[in-house]
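Going by the numbering used here, the first residue of the sequence shown is number 5, and it counts up by one from there.
All C-beta atoms in this analysis are idealised placements derived from N, C-alpha and C, irrespective of residue type, glycine included.
Please read these numbers as outputs of a predicted model, since none were measured by experiment.
Structure, as structure tokens:
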Amino acid sequence: MTRVEFFYDYASTYSYLAHREIERIASEAGAELVFRPMVLGFVFKATGNTMPAAVPAKAAYMVHDVARWARHYGLPFRMPSVFPANTIRALRGAVAALQDGGFPAYHHAVMEAYWARNRDIGDRDVLAAVTRETGLDAERLVARTEDAAVKDQLKANTDEAISRGVFGAPTFFVGDAMYWGNDRLQFVEAALHG
């Protein structure tokens with residue numbers, strides 16, 4: 005089975021835009037989709053990159069660009085009042101949900117809470133409430149964000165991303181071929197179809 009890896013951070017606007025589309029593409033191609041949460045801030049630091057919103061002209065452009073993409077994908081979008089949020093706990097929650105089960109519900113709820121409902125997923129209580137709303141055991145999952153194994157896996161994902169040449173999010177791999185950005189999904193789709 006062909007496999008596509010999705011390196012992302014919940015703080016990444018374009019990861020939000022891509023998160024449902026990559027699921028559709030992988031499903032239609034009969035490909036395995038491997039979610040790889042990573043800490044984008046550490047990737048930026050290691051690669052000398054910076055978030056687009058740090059450049060005033062890019063930030064102004066992004067407001068319109070993101071709205072266009074959200075309409076194109078049919079996604080609700082509302083620029084969060086806390087941006088960027090500290091997503092490390094939410095990313096650890098993703099690692100825990102991948103290990104323990106319940107990842108799709110958790111992942112979609114966190115993406116939507118931050119990018120469509122203006123909820124600060126960097127806040128522990130907000131993250132717990134968002135998780136609870138999915139029907140998952142929020143107390144257990146949020147507690148797992150402090151487990152050494154969960155922290156180590158998130159660090160390993162981030163280190164691997166850097167070692168493989170990742171410099172931003174979303175980044176996709178089909179085999180060794182890397183594709184960066186939600187606007188490269190057509191190339192990911194083509195690669196999955198051979």
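For residue i: DSSP bridge partner residues
i: residue 183; result: 176
i: residue 168; result: Answer is none; residue 168 lacks a bridge partner.
i: residue 7; result: 36
Segment limits, alpha helix (DSSP H) that includes residue i
i: residue 140; result: Unbroken run through residue 140: none, as it is neither H nor E.
i: residue 189; result: 189–196
Residue i versus residue j - alpha carbon distance
i: residue 50; j: residue 163; result: 9 Å
i: residue 166; j: residue 85; result: 29 Å
i: residue 185; j: residue 33; result: 19 Å
i: residue 143; j: residue 132; result: 7 Å
i: residue 57; j: residue 64; result: 8 Å
i: residue 114; j: residue 198; result: 32 Å
i: residue 141; j: residue 105; result: 11 Å
i: residue 128; j: residue 195; result: 39 Å
i: residue 67; j: residue 60; result: 11 Å
Contact set for residue i: own chain, Cβ-Cβ below 8 Å, skip 5 residues either direction
i: residue 182; result: 168, 169, 170, 175 and 176
7 Å CB neighbourhood of residue i in its chain, flanking five on each side removed
i: residue 77; result: 21, 24 and 25
i: residue 71; result: 81
i: residue 62; result: 56
i: residue 117; result: 123, 125 and 134
i: residue 90; result: 126
i: residue 48; result: 54 and 55
Cβ neighbours of residue i in the same chain (closer than 6 Å, five flanking residues each side left out)
i: residue 158; result: 95, 96 and 99
i: residue 46; result: 162
i: residue 16; result: 44 and 173
| Could you give the uninterrupted runs of the alpha helix (DSSP H) lying entirely in the segment 86–137, keeping only those of 4 residues or more? | 92–104, 107–119 and 128–137
| query | Which ranges would you report for the beta strand (DSSP E) in the segment 11–73 if only whole runs of at least 3 residues count? | reply | 36–41
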